[in-house]
Structure formats: C-alpha cells, structure tokens
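Worksheet: the structure to be examined is printed underneath.
2 protein chains.
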Amino acid sequence: MSQTVDRALSILPLLAEGPADLGQVADRLGVHKSTALRLLRTLHEHGLVYRQSDQRYRLGARLFALAQEAVENLDVREIAHPHLVRLNETCGHTVHLAVYEENEVLYIDKVESRYPVRMYSRIGKPVAITVAAVAKLLLADLPEPERRALADKLDYPLYTARSTPGAPAFLKELATVREQGWATDLGGHEESINCVAAPIRGADGRVVAAMSVSAPNVVVTADELLTLLPLVRRTADAISHEYSGKPPAKEESPRRP
Amino acid sequence: MSQTVDRALSILPLLAEGPADLGQVADRLGVHKSTALRLLRTLHEHGLVYRQSDQRYRLGARLFALAQEAVENLDVREIAHPHLVRLNETCGHTVHLAVYEENEVLYIDKVESRYPVRMYSRIGKPVAITVAAVAKLLLADLPEPERRALADKLDYPLYTARSTPGAPAFLKELATVREQGWATDLGGHEESINCVAAPIRGADGRVVAAMSVSAPNVVVTADELLTLLPLVRRTADAISHEYSGKPPAKEESPRRP
DNA sequence: CGACGTGTTGCATCATGTGCAACGGTCATT
DNA sequence: AATGACCGTTGCACATGATGCAACACGTCG
Numbered sequence: 001m002s003q004t005v006d007r008a009l010s011i012l013p014l015l016a017e018g019p020a021d022l023g024q025v026a027d028r029l030g031v032h033k034s035t036a037l038r039l040l041r042t043l044h045e046h047g048l049v050y051r052q053s054d055q056r057y058r059l060g061a062r063l064f065a066l067a068q069e070a071v072e073n074l075d076v077r078e079i080a081h082p083h084l085v086r087l088n089e090t091c092g093h094t095v096h097l098a099v100y101e102e103n104e105v106l107y108i109d110k111v112e113s114r115y116p117v118r119m120y121s122r123i124g125k126p127v128a129i130t131v132a133a134v135a136k137l138l139l140a141d142l143p144e145p146e147r148r149a150l151a152d153k154l155d156y157p158l159y160t161a162r163s164t165p166g167a168p169a170f171l172k173e174l175a176t177v178r179e180q181g182w183a184t185d186l187g188g189h190e191e192s193i194n195c196v197a198a199p200i201r202g203a204d205g206r207v208v209a210a211m212s213v214s215a216p217n218v219v220v221t222a223d224e225l226l227t228l229l230p231l232v233r234r235t236a237d238a239i240s241h242e243y244s245g246k247p248p249a250k251e252e253s254p255r256r257p
Numbered sequence: 001m002s003q004t005v006d007r008a009l010s011i012l013p014l015l016a017e018g019p020a021d022l023g024q025v026a027d028r029l030g031v032h033k034s035t036a037l038r039l040l041r042t043l044h045e046h047g048l049v050y051r052q053s054d055q056r057y058r059l060g061a062r063l064f065a066l067a068q069e070a071v072e073n074l075d076v077r078e079i080a081h082p083h084l085v086r087l088n089e090t091c092g093h094t095v096h097l098a099v100y101e102e103n104e105v106l107y108i109d110k111v112e113s114r115y116p117v118r119m120y121s122r123i124g125k126p127v128a129i130t131v132a133a134v135a136k137l138l139l140a141d142l143p144e145p146e147r148r149a150l151a152d153k154l155d156y157p158l159y160t161a162r163s164t165p166g167a168p169a170f171l172k173e174l175a176t177v178r179e180q181g182w183a184t185d186l187g188g189h190e191e192s193i194n195c196v197a198a199p200i201r202g203a204d205g206r207v208v209a210a211m212s213v214s215a216p217n218v219v220v221t222a223d224e225l226l227t228l229l230p231l232v233r234r235t236a237d238a239i240s241h242e243y244s245g246k247p248p249a250k251e252e253s254p255r256r257p
C-alpha cells in the first residue's frame, strides 16, 4: 500500500539471507542506489539493520530485541480464552489451559463444564504432574537432560491403579506423547475422570502451553471422549497459529469482485 | 531520513509494549488515522504486524522468523576473524576460536603464532574438552542438567599433572568460570602451554563461541600471559557486539555544528 | 432511535521520495 | 605513479506518491 515502506520492508527478508552491500540491495529492490541508501539509513537509525566492518549491511540487534519483547508481552491466556470458550460451547466439557514453569505445571485458565457433575481444579494451582495429560505434553517438549533430571526428581503418588508408577514408565510415556503430538489421562488422577490434551506451540515450534478437555465417566466414556481428539487438536492448532502471529485463514492479495 | 519509513518503523517498538488499536497508534505517531492505517497495512502485508481477533494490532510472526533466519545465517567466524587477526598482530601469540556442538568443542578458526615455537591444533578438530579454556567457557554456559549430564559422561584423561581429574572437579571449575566470565588452561593439556580465554555472546546473552590466546612457557610465563586477559576480553566483547548487531561505539542523534 | 466511537474510502494538495549526474574515496591494474 | 574501475555518497529538479480532510459504514450504548 505504501510504496516507500513496502520497499524498505522488502530489504529485511533480503538481508535475512545474508549480508549484502548497497549495490546488491538496490539491484534486488529494482531502485536507484541513492534510494536504497536512504531506506537503509532509515532502517539503520531504527536499529533494524546493522552495518558491519566490511560496509555490508545485515539485520540488527533491535530486531532480536523486538522479537523477544513481543514474545514476553504475549499472553497465551488472552489469546487462547475465546477458543477455549468456543470449544466448551460445542462439547460442553471442562476445558483447561496449562503452562510449565519452574518444575511445575500450572493451570492458567479454565472453562467450567456445563454438565452438573464438575471436576475439581483451580486456576494457579499446580497440576498432578506425573499423570495429567497437559503435564505430559509440556514435559515431553523439554530438552532431554532436563526432562530426565526432572523425572528423576519427582514423586510418583499412586492416586489410582492407573497412575504413572515411576520415572522409567513416565519417561516412556513422555516419549510416546512427544511422538504422537497429543496426550491422555485415563483415570490416572481420579478413577472416574478422563482427559484428552493437545499442545500449543510458539513460532519456533516449542510447546508454550497445553490445553485439555476433561469429563467424568458418568457423562461420557473414555472412548467417547477420544472422539473429541481431532476437535481438541484443531483448537490447539488455531491457538498456536494466532499466538505465533500467523493468519489462521490464508489470505492473498485481496480481490474486489 | 525517510519520513514515511521512519513513521512505519516507529510503530514496531510501540506495538512491542503490547497490542494497540488504530487510534492509539495514530495518536502516538502524531499522524492522521488514515495514515496510520496505511502504514499498518503495509506492515501487515509483510507479516511484521498481525491483527488479532479483537481488531487490535500486535507484532507478527514474520519478525520471529526473520530474527531466527538471520541468526542461522550468521557466521561467527566471518565476523570474528578480523578481530582475531588484529589481536594476533598486537600480541603475537596463537589465537583460537571454538564452538560447542553435539557434546564436542571444535576449533573453527585459528591465527598462528608469530613466534617460532608453535602449538599443535587443527581447525575442525575436537578440543580436549575437559581441560581447554574455551571448552570450559562453552560448557559453563549450558543449562544445568545438560552440563551435569555431559560432565558425567566424559572421560578425564590425565594429559598432565594439572589436568582436570574428574567430573566433580570439572563442575566446580565450570561454576568458577561461569562466575568470573573468563577461563584459563595452565598446563592442563600440555605441560608447557598456557591459555587465557573469553566468551563471545549472542544478542540473548548466551555464549555462542569462545576465543583464546595460547603461548608456551618458553615464550611467556603464565603470569605474563594473564596480563593479556583484559585485551582478550575486550576483543571477545567487541566480537559479541558486532555479532549481535549492536554498534560498538554508541552514536546518538547526529548534530550538525 | 440518535449519538457516539470505531475502522474505512476517495480525493485534492503539496510535501516527500525519487532518479540523475557529479563527486570522492579505495583498490587493483598497467 | 598514473590510470581506471568500482562503490558509497551528496545535491538537486521533478513528479510521484504520501498526507490529512471530510464523508461513509459499521457496531455499540444510552
């Protein structure tokens, strides 16, 4: 829309490929050198572009700083919430959102079931880390040594007969979860409650949060709950896309009929 | 220099503080809404800005992608080389550049000593990881579980009487190195050779490489070599700054007399 | 229903970005 | 040394393209 800005911004991906000198930039933009110079200068003043010792230009530190700051100020919960609500409206069950922080997994959002029988949990409260579906997803994404160290450090309380018995079983389960990209908890925490969960990923592919749908046996069987898996995963993917700033629906150069 | 681009780029740090709507952006830029709209649209087309469901704008995924691509295509060696050469010109000793990769520390650049007595090493060859000064710096920066796991896995060959004897001593040494921000190897690999080393850090503060100056006892004593430490650190810092795209010399809004 | 507060569009004006040509530096070639 | 090629830089006249205005199109709230 704005030619000047358009040209200036086109320089960034160009420089991302590697450093380039003024002539190369001007050529690839299809503009006069003096024009390219002015654009580069402006980018330089904003720190988005840096001039290295051989006079060539490359992307500057400000870009990294911006990207980092943007990530920090990004609130997964804020973005996820409407999606969670929508999911709850279509399936009716309890929906949870959780993150990993300092050797704990915490619920940071929850939409209550619309069925009379509800499950107990509280926002901000640590999750039963060895059995919860969301915990499995979050831990499965940790770097291997950290995951192993954490697994060794944990207690493995036998909430039910189906609880994860110890570190080896847990690590094996995490490997499976990591592989398949989703997780379940079938009566591992409370005998009669099942969950299915899916990961929410940031722009770099790392798991930043996990969401789950939980329901007691008296409402739906585990098998019935599992039929919701595709829906849960689609929701999680939608959140991932919005969180990482990619448009959910691909829109190309807008056409007017 | 270019007003339009200048305004457009000013939007980015503004949005980094948090999402904002059209009016807020226009106000803080001091321009008409229609102008702000056009700028935002252009930024949007380039993916630098994303419009979330509540119509507010935030920084877009492309920003992360660009930063990431730029980092990947960045060659430490290319940037460091002239600095290494300059250091070698002033002190005359062998200068090394090394990185950590897959449980190994590798030399990726070397400037030969100008003294007749030279030390043996080859670019691309793994470093004596338990004793080399550069290795200590690189391993000291690993996340704690990974560092511990690696230390346990290593062999601790006794090259000399001063070699690191085992994992506990090594971890303790790494803690010291991490604390002080530099490292030495005083006859730990070859009885008569000493090194001082300093870390090179990326924009996020993580150690991406390490450089060292090495000299045999017959040329300079360990104490004499240590007097070079400030110079080595300054060189490493200069490389860090250039690598992470920050200007080495701070320049403010240019004044015309 | 009307009065907001939004985001959006078309348009006339002229500020702004543009390409040109000329200058000045560095390096390699003879 | 002298020459020429190459690259970054500067000043300037021109007209292109960015600007703000006013009007429109929504949606929300009182």
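The listed protein sequences correspond, in order, to chains F and S.
Going left to right, the first sequence walks through residues 1 to 257 as this note's numbering numbers them.
Going left to right, the second sequence walks through residues 1 to 257 as this note's numbering numbers them.
Don't be surprised by glycine CBs; every beta carbon is placed ideally from N, CA and C.
Only a predicted model underlies this, so the values are computations on that prediction, with no experimental measurement involved.
For residue i, write down the residues that DSSP places opposite it in a beta bridge.
i: V31(F); result: According to DSSP, which records beta bridges pairwise, V31(F) is partnered with nothing at all.
i: E110(S); result: For the record, residue 110(S) in the displayed sequence is Lys; it is not Glu. Its beta-bridge partners are H96(S).
i: L59(S); result: V49(S)
i: E101(S); result: E104(S)
i: A20(F); result: Y57(F)
i: P126(S); result: L106(S)
Given a threshold of 16 other Cβ atoms within 10 Å of its Cβ, counted over all protein chains shown, does residue i qualify as buried or as exposed?
i: T227(S); result: exposed
i: S240(S); result: buried
i: A175(F); result: exposed
i: A98(S); result: buried
i: L158(S); result: exposed
i: P19(F); result: buried
i: I123(F); result: exposed
i: R77(S); result: exposed
i: A135(S); result: buried
i: E101(S); result: exposed
i: D141(S); result: buried
i: H32(F); result: exposed
i: A161(F); result: exposed
i: T90(S); result: exposed
i: I127(F); result: First, the residue type needs correcting, since residue 127(F) is Val and not Ile in the sequence shown. The residue in question, V127(F), is buried, as its Cβ has 16 or more Cβ neighbours within 10 Å.
i: G23(F); result: exposed
i: E242(S); result: buried
i: R206(F); result: exposed
i: G30(S); result: exposed
i: T221(F); result: exposed
i: R114(F); result: exposed
Report the rounded CA-to-CA distance for residue i versus residue j, giving the unit in angstroms.
i: A8(S); j: L40(S); result: 7 Å
i: F64(F); j: F64(S); result: 8 Å
i: T235(F); j: V208(F); result: 15 Å
i: P248(F); j: G47(F); result: Low local confidence applies: a pLDDT of 49 at P248(F) is under 50, so the model's placement there is unreliable, and no value is given.
i: G245(S); j: Y50(F); result: 6 Å
i: H44(S); j: G60(S); result: 8 Å
i: E251(S); j: L66(F); result: At E251(S) the pLDDT is 36, less than 50, meaning the model places this residue with poor confidence; the figure from the coordinates comes in the next sentence. If you take the alpha carbons of E251(S) and L66(F), they lie about 20 Å apart.
i: A183(F); j: P168(F); result: 17 Å
i: G202(F); j: L74(F); result: 10 Å
i: K151(F); j: R28(F); result: For the record, residue 151(F) in the displayed sequence is Ala; it is not Lys. A151(F) and R28(F): Cα-Cα distance of roughly 52 Å.
i: A26(F); j: E17(S); result: 33 Å
i: M211(S); j: H96(F); result: 48 Å
i: I129(F); j: K110(F); result: 17 Å
i: S2(F); j: R56(F); result: 26 Å
i: A132(F); j: H81(F); result: 20 Å
i: C195(S); j: A70(S); result: 32 Å
i: E179(S); j: A36(F); result: 45 Å
i: R86(F); j: H93(F); result: 11 Å
i: I200(S); j: D237(S); result: 7 Å
i: L231(F); j: V105(F); result: 23 Å
i: V218(F); j: K172(F); result: 30 Å
i: A197(F); j: S34(F); result: 55 Å
i: D185(F); j: R233(F); result: 15 Å
TODO: Run through the region 162-227 of chain F for me and flag every whole alpha helix (DSSP H) of 4 or more residues, listed as ranges in chain order.
DONE: Secondary structure remark: continuous alpha helix (DSSP H) runs of at least 4 residues inside the region 162-227 of chain F, in chain order: 167-180 and 222-226.
Task: the region 2-25 of chain S: positions lying closer than 8 Å to chain F by Cβ - done: S2, T4, V5, D6, A8, L9, S10, L12, P13, L15, A16, E17 and G18
Task: Against chain S: residues of the region 197-208 of chain F by CB proximity under 9 Å - done: Residues passing the 9 Å Cβ filter: G202, A203 and D204.
- [ ] Closer than 8 Å, Cβ to Cβ, to anything on chain S: give me those residues from the region 60-83 of chain F, in chain order.
- [x] G60, A61, R62, L63, F64, A65, L66, A67, Q68, E69, A70, V71, N73, L74, I79 and P82
Open item on the list: Against chain F, which members of the region 144-159 of chain S pass a CB distance test of less than 9 Å?
Closed with: Look at the region 144-159 of chain S: the residues with a C-beta under 9 Å from a C-beta of chain F are E144, P145, E146, R147, R148, A149 and L150.
- [ ] For the region 36-57 of chain S, enumerate the residues whose C-beta is nearer than 8 Å to any C-beta of chain F, in chain order.
- [x] Answer set for the region 36-57 of chain S: R38, L39, R41, T42, L43, E45, H46, G47, L48, Y50, Q52 and S53.
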